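The structure appears below as structure tokens.
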Amino acid sequence: MILAFSLLCLLCSLLPAALFVANLKLYREPPVAASGLPAVSVLIPARNEAAGIADAVRAILATRGVAFEVVVMDDGSTDGTGEIVRALAVEDARVRLEQAPPLAAGWNGKQHACWALAQTARNPLLCFVDADVRLAPDCIARMATFLEATDSGLVSGFPRQVTVTFLEWMLLPLIHFVLLGFLPMARMRATRDPAFAAGCGQFFLARADDYFAAGGHRGIKLTMHDGLLLPKRFREAGFRTDLADLTELASCRMYSSAGQVWSGLAKNATEGLASPQRIVPVTVLLLLGQVLPSLAVLWFLTSLVRMLPLPLHHGFVLGVSSWSALLGAVLLLVSAPPLAFISRILGAWRFRQDWRGVALHPFGIVLLLSVQWYALIRKLRGGKISWRDRAYEGEKGISLPTVTP
Numbered sequence: 014m015i016l017a018f019s020l021l022c023l024l025c026s027l028l029p030a031a032l033f034v035a036n037l038k039l040y041r042e043p044p045v046a047a048s049g050l051p052a053v054s055v056l057i058p059a060r061n062e063a064a065g066i067a068d069a070v071r072a073i074l075a076t077r078g079v080a081f082e083v084v085v086m087d088d089g090s091t092d093g094t095g096e097i098v099r100a101l102a103v104e105d106a107r108v109r110l111e112q113a114p115p116l117a118a119g120w121n122g123k124q125h126a127c128w129a130l131a132q133t134a135r136n137p138l139l140c141f142v143d144a145d146v147r148l149a150p151d152c153i154a155r156m157a158t159f160l161e162a163t164d165s166g167l168v169s170g171f172p173r174q175v176t177v178t179f180l181e182w183m184l185l186p187l188i189h190f191v192l193l194g195f196l197p198m199a200r201m202r203a204t205r206d207p208a209f210a211a212g213c214g215q216f217f218l219a220r221a222d223d224y225f226a227a228g229g230h231r232g233i234k235l236t237m238h239d240g241l242l243l244p245k246r247f248r249e250a251g252f253r254t255d256l257a258d259l260t261e262l263a264s265c266r267m268y269s270s271a272g273q274v275w276s277g278l279a280k281n282a283t284e285g286l287a288s289p290q291r292i293v294p295v296t297v298l299l300l301l302g303q304v305l306p307s308l309a310v311l312w313f314l315t316s317l318v319r320m321l322p323l324p325l326h327h328g329f330v331l332g333v334s335s336w337s338a339l340l341g342a343v344l345l346l347v348s349a350p351p352l353a354f355i356s357r358i359l360g361a362w363r364f365r366q367d368w369r370g371v372a373l374h375p376f377g378i379v380l381l382l383s384v385q386w387y388a389l390i391r392k393l394r395g396g397k398i399s400w401r402d403r404a405y406e407g408e409k410g411i412s413l414p415t416v417t418p
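Remember, our numbering sits 13 above the position in the sequence shown when you count from 1.
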């Protein structure tokens with residue numbers, strides 16, 4: 014029994030570690046920008062983003078290598094976001110401010126704003142960027158080159174996640190751990206199967222024709238998980254999608270407090286890891302592979318130390334098979350924690366993540382699973398989500414009246 018448990022833990026640690034290492038070779042920065050790229054409409058949905066919208070737009074205005082416009086959709090802001098963008102538009106004619114139409118019933122706010130933005134775009138490429146993302150000057154041109162090189166309808170990239178507070182650096186680096194440890198990227202690129210859809214809602218680039226042919230954000234209007242479901246929508250329509258590493262080309266601070274981290278990760282969890290179909294196997298896999306090995310090693314080593322004096326003090330000698338089973342289990346379990354940590358160590362080095370989260374990796378996994386189970390229980394109980402001063406029904410993003418004017 015002990016040996017079987019140890020072997021299971023080892024396998025649950027080995028599989029994601031092996032896939033993570035294999036994926037690191039495939040998950041690369043977009044290529045150097047080509048010449049003659051189609052013009053891009055950079056589209057930013059913005060609701061109460063006064064604190065950072067100017068920095069976001071100015072970073073985009075530094076873009077080189079491709080013609081572009083910047084369109085900001087003021088989605089009912091009450092903090093002066095629109096006035097800031099209007100002033101930027103006076104300074105630079107490439108900036109345009111649009112006002113979002115009233116939120117329609119059955120829509121999530123972000124998807125509604127993005128769909129409205131797409132209607133206003135004037136260029137053949139659409140680049141959806143969150144207001145808290147800061148792009149490097151060559152990011153958009155290189156991603157447009159990546160779109161052409163991969164013959165994709167949609168490409169996405171994961172910016173470097175800026176983390177300051179405890180829950181930020183404990184949980185947000187797990188985005189890369191889950192992505193590269195559980196998505197077979199070779200298979201993703203070899204097929205258009207929707208089961209291998211993945212992306213990051215902070216940055217999407219698509220051909221406008223393909224976007225509308227796939228239904229765009231209108232096809233996912235009920236969701237809060239555009240990072241997963243927009244690429245899935247494209248794949249369902251027969252288009253390729255792909256991923257690039259934007260660690261050196263973009264940065265984002267998603268959340269600035271523990272409450273925001275918890276609420277932000279929980280808001281769309283049941284459309285990802287916390288879906289009723291996934292959460293039990295995901296929990297078992299993560300606990301066996303990432304948490305229990307470290308705890309079990311301590312327990313077994315403590316037990317071994319306590320048993321060593323027994324032959325001298327009690328005249329008791331373990332049988333050969335008992336010692337073999339215990340030592341075999343210890344050896345297997347000692348092998349499992351390094352496999353569990355190797356992905357986090359490589360991730361921290363490659364993606365510039367906080368090393369404190371690496372040291373506390375098992376605890377981080379427990380926190381991640383706590384968020385997932387919290388989200389599922391809330392959904393099963395019919396709980397509502399509040400995000401960006403709007404309330405939503407369950408996890409499907411069905412809009413209710415605005416909570417805060």
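Note that CB positions come from ideal geometry on N, CA and C, so glycine has one too. Since the model is a prediction, treat every value here as computed from it, not as a measurement.
### Message
Going by DSSP, what residue range makes up the alpha helix (DSSP H) through Ser383?
### Response
For Ser383, the enclosing alpha helix (DSSP H) starts and ends at His374 to Leu393.
### Message
Classify Val177: buried if its beta carbon has 16 or more other beta carbons within 10 angstroms, exposed otherwise.
### Response
exposed
### Message
Let me check understanding here. Comparing Cα to Cα, which of Lys234, Pro197, Leu101 and Leu389 lies closest to His125?
### Response
Lys234
### Task
Could you tell me the boundaries of the alpha helix (DSSP H) in which Val70 lies?
Ile66 to Leu74
### Task
Taking all protein chains shown into account, decide if Leu133 is buried (16 or more other Cβ within 10 angstroms of its Cβ) or exposed.
The residue asked about is misnamed: residue 133 is Thr in this sequence, not Leu. Looking at its Cβ environment, which holds fewer than 16 other Cβ atoms inside 10 Å, Thr133 is exposed.
### Task
Rounded to whole angstroms, what's the CA-CA distance from Gly49 to Met156? Just pull it up for me.
Straight-line measurement puts the Cα of Met156 at about 14 Å from the Cα of Gly49.
### Residues that Ala282 bridges to, as DSSP identifies them
BP columns for Ala282 are empty, so no partner.
### Proximity to Ile398 [Cα-Cα], best of Leu130, Met237, Ser356 and Ser307
Closest option to Ile398, Cα to Cα, is Met237.
### Query
Phe141 lies in the beta strand (DSSP E); which residues open and close that run?
Leu138 to Val142
### Task
Spatial neighbours of Phe33 within its chain, please: CB distance less than 6 Å, with the 5 preceding and 5 following residues excluded, ordered by chain position.
Leu193, Gly194 and Ser356
### Task
Please report the Cβ distance between Leu381 and Leu259, rounded to the nearest whole angstrom; I am assuming they are in contact, meaning their Cβ atoms lie under 8 Å.
Their Cβ separation, rounded to whole angstroms, is 22 Å, which puts Leu381 and Leu259 out of contact at 8 Å.
### Query
How do the stretch 101–111 and the stretch 80–90 stand: do at least 3 beta-carbon pairs fall below 8 Å, yes or no?
They touch, by the three-pair rule.
### Query
With respect to 6 Å, is the separation between the Cβ of Phe171 and the closest non-hydrogen atom of the ligand FAD below this value?
Absent from the structure shown: the ligand FAD. Ligands present: none.
### Message
Measuring CB atoms only, is the stretch 42–61 touching the stretch 367–387, in the sense that at least three cross pairs come out at less than 8 Å?
### Response
no
### Query
When DSSP builds the beta bridges, which residues end up paired with Gln112?
Asp87
### Option in Met267, Asp222, Arg291 and Glu249 with minimal Cα separation from Phe216
Met267
#### Entry: Segment limits, beta strand (DSSP E) that includes Gln174
Leu167 to Gln174
#### Entry: Contacts around Ala221, its chain only, beta-carbon distance under 7 Å, and the 5 residues preceding and following it disregarded
Ala134, Pro137, Leu138 and Leu139
### Query
Looking at the structure shown, is Glu42 part of a helix, part of a strand, or coil, going by DSSP?
coil
### Query
Rounded to whole angstroms, how far is the Cβ of Ala263 from the Cβ of Cys152, which I believe are closer than 8 Å?
5 Å
### Query
Hey, Pro58 and Lys123 are a contact pair by Cβ (cut 8 Å); roughly how many whole angstroms apart?
6 Å
### Task
Quick one: grab the DSSP three-state call for Ile398.
strand
### Query
Roughly how many angstroms separate the alpha carbons of Val379 and Asn36, rounded to a whole number?
Using only the alpha carbons, I get a separation of about 24 Å.
### Message
Report the start-end ranges of each alpha helix (DSSP H) in the stretch 207–246 that is 4 residues or longer and not cut off at the edges.
### Response
Scanning the stretch 207–246 for uninterrupted alpha helix (DSSP H) segments of 4 residues or longer gives 221–227, listed from N- to C-terminal end.
### Message
Tell me which residue opens and which closes the alpha helix (DSSP H) that Leu298 is part of.
### Response
Ile292 to Leu299
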